[in-house]
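Let me begin by presenting the structure, written as C-alpha cells, before commenting on it.
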Amino acid sequence: MTREAELSRTFVEMADTLVSDFDVIDFLHNLAGRCVELLDVDAAGLMLADQGGNLRVLASSSEQARLLELFEVQAEEGPCLECFRTGAPVIEERIETSDRWPRFRERALDAGFRAVQAEPMRLRDQVLGALNLFRTKEGGLPAEDISISRALAGVASIGLIQERALREARVLADQLQTALNNRVIIEQAKGVLAERMAMDMSAAFERLRRYARNHNRRLAQVARDVVDGVLPSSHLR
Amino acid sequence: MDDGRQSKLKARILSSAWSGPLQERICRESVAVLSVTTAALILMSDDEAGALVVASDDGAAAVEDLQFSLGEGPCLAAFEDGAPVFEADLMAADGRWPGFTSAALDAGVRAVFALPLQLGAIRLGVFYLNRRDPGMLSPDQLADAFVLAEMATVALLGGQDGAASGELGAELEGAWTHRAIVHQATGMISARLGVPLDQALLRLRSLSANGRSLYDVARDVVDGRLKVDR
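Chains as they are written, first to last, in our numbering: chain H, 2 to 238; chain D, 311 to 540.
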C-alpha cells in the first residue's frame, strides 16, 4: 500500500468513533501503532487527561516508551508533559545535549531515545492530551512527517470529543428514562395506597416517603414493591 | 443527503436569530421547513404515557391527549417500534388507529408524521408533526425531519442536564406533572379491582371513551366522584 493510501485509511479509521463497539483504549493503541508505521519514528505514545484533569498514559507502541511516559507523569517533568500544559508542540532534536528536563534526559537516554516530539491533542481551548513521538536517532522529523503527525493528533482529538459527547448524552438519556419511569411508578403507588388506606394523595406520598427513609431505601423501589404487591399496604401505616 | 442543506439548517436553529429555548426554535423551524401545521416534542415513559414538552401551537396538546386517552396513534406506534411513522393522508389510512384517525380528521388534521427520539437503545419520546393538507414530505424535507429529530433529542436531553439523580429536570417535570393524575387513578383502580396496572389503565381509558378526556375522568376517580366497579 502506498503511503498516501495508508494515510487515508488511517484517517477514516480515526474519524469513525460512532461505531457501536468503540473503545477508547483500542482507538489510541491503533493511533500509536499507525504513527510508528507512517512516520519516521521508533515509538509513539498517547497521554490523555482524565475527568479530574490528571494526565494518564493510555497507549504506547513499546514498553520503553510507556515507562518513559509514566516517568514523566510521576516526575512531573518532560516534553510530553510540557506539551500538555502549554497546549503547544514541543520538539527536542537532541535530548543528550539538552538541559531542559534533566531527570527525563537520563531516563530517555537509558531507554535508547535520542529525540522527541510531542503534539498536543486539542479542540479549540481544550487540551485533551498529547501525542508523543520518540526517535532512537538524533534530529527532527521531516517536515511532511510533522504535518502528518499534527493531522493525526487533530483527527484523533475530534474523534475523542465526539465519543465523549455521545457517552455523556447516553448517560443523560439513561437518567432521563429512569427518572421518568420512577415518576410514573411513584404516582401509581400513591394511587394504590390512597385506595387501600382511604387517604388522599399527599398523605399516601408521605407514607411512601417515610417508609423509604426509615428503611433506607429509594422511593422508587418502595413504590415498585407497593404496586407489585410485594410490600403490603399495612406495612406503611 | 445534501450536507450543505443539513448544516445550514442546524446553523439556523443554533443561531440567535430566533429567541427562546432550543426546543421551541426546533418546533418553529420545523413548521417552516417541513411545511407542516404543527410540530411538537413529546416525552414518553415505558408505559407509553406521553407528556408534551413543547409545541409550535396549542393544537398539539389536544392531539397528544387524544392519543394517550385512546391508547393508539402515530406517536405511540413510533415509540413502540422505534421507527418513524408517516401517514400522508388520514382519509386514506388503513384503519390501524380508527379512534385516533376519526378524531384527528374531526380536528382538521389530514397528515401525521412521528419520529422516535432515541439514542442507541434508549427511547425518550417522539417528534410529532401534523398538517391540515394531505401529502408526504418531500425527500429534502424527509432528510430535514431526521436532522430536526436528532436535534430535538439533544434539546430534550438538555432539559435533563443538571437534574439530581433519579429526578426529572425542572422543565421536563413541569411538562410531565399534569400526567401524574392519570397514574394515580390507574393505581387506585388497580387496587380496587385487584388487577394489574396495564388493565387498570385500559379500564380508565374505556371510561373516557364517551367524549371526556382521560384527565377529566382520572380527576373524578382521584377525587372520589367516580367509583370504578367490576
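The beta carbon of each residue, even a glycine, is placed where N, CA and C say it ideally should be. Values in this document were obtained by computation on a predicted structure and should not be read as measured data.
Residue nearest to leucine 447 (chain D) within the set D:Arg489, D:Ala398, D:Arg513, D:Glu339 is D:Ala398 (criterion: CA-CA distance). Short of 6 Å from the beta carbon of tryptophan 102 (chain H), and not among the five residues preceding or following it, lie these beta carbons of its own chain, in chain order: Glu78, Gly79. Using a Cβ-Cβ cut-off of 9 Å, isoleucine 432 (chain D) is close to Arg171, Ala174, Asp175, Leu177, Gln178 of chain H, given in chain order. Under the rule that a run must span 4 or more residues, the alpha helix (DSSP H) segments found entirely inside the segment 24-69 of chain H read 25-39. Just so you know, the alpha carbons of alanine 387 (chain D) and arginine 515 (chain D) end up roughly 17 Å apart. For glutamate 164 (chain H), the enclosing alpha helix (DSSP H) stretches over residues 144-198.
The alpha-carbon separation between glycine 479 (chain D) and phenylalanine 456 (chain D) amounts to approximately 25 Å. Of the candidates H:Gly141, H:Gln52, H:Asn55, the residue whose Cα lies closest to the Cα of aspartate 41 (chain H) is H:Gly141.
Proximity of the segment 190-206 of chain H to the segment 156-168 of chain H falls short of the contact definition, fewer than three beta-carbon pairs being nearer than 8 Å. Proximity of glycine 160 (chain H) to chain D, defined by a Cβ-Cβ separation below 8 Å, is not satisfied.
Assignment of arginine 125 (chain H) by DSSP, reduced to helix, strand and coil, places it in the coil class. Between cysteine 81 (chain H) and glutamate 73 (chain H), the C-beta spacing is below 8 Å.
In the three-state scheme derived from DSSP, where H, G and I count as helix and E and B as strand, methionine 498 (chain D) is classed as helix. The three-state reading of DSSP puts arginine 441 (chain D) in strand, counting E and B together. Taking 8 Å as the CB threshold, asparagine 183 (chain H) lines the interface with chain D. With its beta carbon at least 8 Å from every one in chain H, glutamine 509 (chain D) lies outside the interface. For glutamate 477 (chain D), the neighbours in chain H by C-beta distance under 7 Å run, in chain order, Ala180. Contacts with chain D (Cβ-Cβ distance below 8 Å) from the segment 195-210 of chain H involve Ala195, Glu196, Arg197, Met202, listed in chain order.
Assigned with DSSP and collapsed to three states, valine 422 (chain D) falls in strand. Within the DSSP bridge table, the entry for glutamine 451 (chain D) names no partner. With a contact defined as Cβ atoms closer than 8 Å, alanine 465 (chain D) and isoleucine 491 (chain D) miss out at about 27 Å. Cβ-Cβ distances below 7 Å link phenylalanine 378 (chain D) to Ala359, Gly360, Leu524 in the same chain, with the five nearest sequence neighbours on each side left out; the list follows chain order. Valine 193 (chain H) belongs to the set of residues whose beta carbon lies under 8 Å from a beta carbon in chain D. When Cβ pairs closer than 8 Å are counted between the two stretches, the segment 117-132 of chain H is seen to touch the segment 41-52 of chain H, the count reaching three or more. Burial of glutamate 374 (chain D) is indicated by the presence of at least 16 other C-beta atoms within 10 angstroms of its C-beta. Taking the Cα positions, threonine 463 (chain D) is about 25 Å away from valine 25 (chain H). For a cut-off of 8 Å, the C-beta gap from cysteine 84 (chain H) to proline 121 (chain H) is around 5 Å, short enough to register as a contact. For alanine 402 (chain D), there is no enclosing beta strand (DSSP E), since its DSSP letter is neither H nor E. Nearest C-alpha to phenylalanine 206 (chain H) among H:Leu59, H:Leu69, H:Arg238, H:Ser63: H:Arg238. Under DSSP, alanine 349 (chain D) forms a beta bridge with D:Leu439.
For proline 394 (chain D), the closest C-alpha among the options D:Gln509, D:Gly409, D:Phe437, D:Ala365 is that of D:Phe437. For secondary structure counted as the beta strand (DSSP E) over 3 or more consecutive residues, the segment 354-407 of chain D holds these complete runs in sequence order: 360-365, 395-397. A Cβ-Cβ separation of about 4 Å places valine 193 (chain H) in contact with glycine 497 (chain D) under the 8 Å criterion. Per DSSP, the beta-bridge partners of glutamine 428 (chain D) are D:Arg433. For the segment 24-53 of chain H, the set of positions with a beta-carbon nearer than 8 Å to some beta-carbon of chain D is empty.
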